[in-house]
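Worksheet: one structure, shown below.
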Amino acid sequence: RKEVEQDPGPFNVPEGATVAFNCTYSNSASQSFFWYRQDCRKEPKLLMSVYSSGNEDGRFTAQLNRASQYISLLIRDSKLSDSATYLCVVNPVDSSYKLIFGSGTRLLVRP
Amino acid sequence: DARVTQTPRDKVTEMGQEVTMRCQPILGHNTVFWYRQTMKQGLELLAYFRNRAPLDDSGMPKDRFSAEMPDATLATLKIQPSEPRDSAVYFCASGLSDTTNYGYTFGSGTRLTVV
């Protein structure tokens with residue numbers, strides 16, 4: 044079983060739609076969680092950290108469910124510029140500092 | 657904005673040749689990672705350093721890959737000899753280990769093609 048699993052998609056949605064991605068992780072001791080965004084032929088960039096209480100940044104909302112070991116990302120009012128691959132990222136053990144990436148979920152927002 | 661700088665941007669080489677990729681982490685960052693990305697495997701962690709000391713290189717094929725940090729401003733990843741299956745994009749990332757909640761910053765990558 045992979046440490047971090049995501050639905051590869053693609054999710055094909057119209058502009059203005061709300062779309063949600065889920066991600067599951069296998070290590071219950073994981074401490075830190077993130078969503079990264081990667082555009083085609085570019086490097087991954089940090090989108091947002093995910094906190095236990097959930098957090099929001101504009102149109103983006105991230106939530107963490109430790110009991111079920113999953114993380115979600117909700118995008119409201121999708122824009123064409125949101126088209127990208129969204130990577131779920133987990134720091135499996137607090138002292139190790141390393142980040143384990145999921146394989147990503149591809150989002151296509153159409154006009 | 658502070659950036660992680662990787663060189664070369666693109667590299668095409670023949671099988672059997674040595675390849676060296678370089679990374680300049682953001683000044684002051686004490687944690688440096690090397691990742692490899694392919695369509696099939698996604699992003700794989702190869703090695704990482706904290707305060708220049710290697711912490712984990714278990715993701716790296718030891719017989720042909722080596723990673724070093726000769727000083728705080730330079731990390732290198734070397735492949736010798738290179739093979740076609742090494743073709744991938746190699747990313748370097750850096751960050752501060754005391755602030756893991758803020759994630760890490762990636763360089764723009766080295767696109768390696770081994771023919």
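In the order they appear, the protein sequences are chains A and B.
Sequential numbering from 44 applies to the first sequence in this note's numbering.
Sequential numbering from 657 applies to the second sequence in this note's numbering.
Each residue gets a CB set at the ideal place from its N, CA and C atoms; glycine is no exception.
Distance, residue j Cα to residue i Cα
i      : j      : result
P664/B : L683/B : 20 Å
R84/A  : Y68/A  : 26 Å
P726/B : A658/B : 21 Å
S743/B : V770/B : 6 Å
R149/A : N65/A  : 12 Å
A731/B : M91/A  : 27 Å
R706/B : A728/B : 10 Å
S764/B : K141/A : 19 Å
E724/B : V660/B : 16 Å
S95/A  : F76/A  : 9 Å
Q106/A : F747/B : 28 Å
S722/B : L89/A  : 27 Å
Under 8 Å from the C-beta of residue i: neighbouring residues of chain A
i      : result
T687/B : Y140
S722/B : The premise fails here: S722/B is roughly 19 Å from chain A at the closest Cβ pair, so nothing lies under 8 Å.
Listed by chain order, chain A residues near residue i by CB distance under 9 Å
i      : result
S764/B : K85, E86
Amino acids of chain B, ordered along the chain, whose beta-carbon sits closer than 8 Å to that of residue i
i      : result
L89/A  : Y758, G759, Y760, T761
I143/A : L701
F77/A  : G759
Those residues which DSSP pairs with residue i across a bridge
i      : result
A703/B : W690/B
A749/B : F689/B, F762/B
K667/B : L768/B
Proximal chain B residues relative to residue i, where beta-carbon distance stays under 7 Å
i      : result
F54/A  : By Cβ distance, chain B contributes nothing, its closest Cβ being about 17 Å from F54/A, past 7 Å.
G147/A : G698
Contact test: residue i Cβ vs the ligand FAD heavy atom, cutoff 7 Å
i      : result
T661/B : Here there are no bound small molecules, and the ligand FAD is not part of this structure.
- Closer than 9 Å, Cβ to Cβ, to anything on chain A: give me those residues from the stretch 690-719 of chain B, in chain order. Y691, Q693, Q697, G698, L699, E700, L701, Y704, R706, L711, D712
- Query: What are the residues of the stretch 725-751 of chain B that lie near chain A, defined by any Cβ-Cβ distance shorter than 7 Å?
  - Reply: F747
- Message: Threshold first: 3 residues or longer. Then list the beta strand (DSSP E) segments lying entirely within the stretch 62-105 of chain A, N to C.
- Response: 62-68, 75-81, 88-93, 98-100
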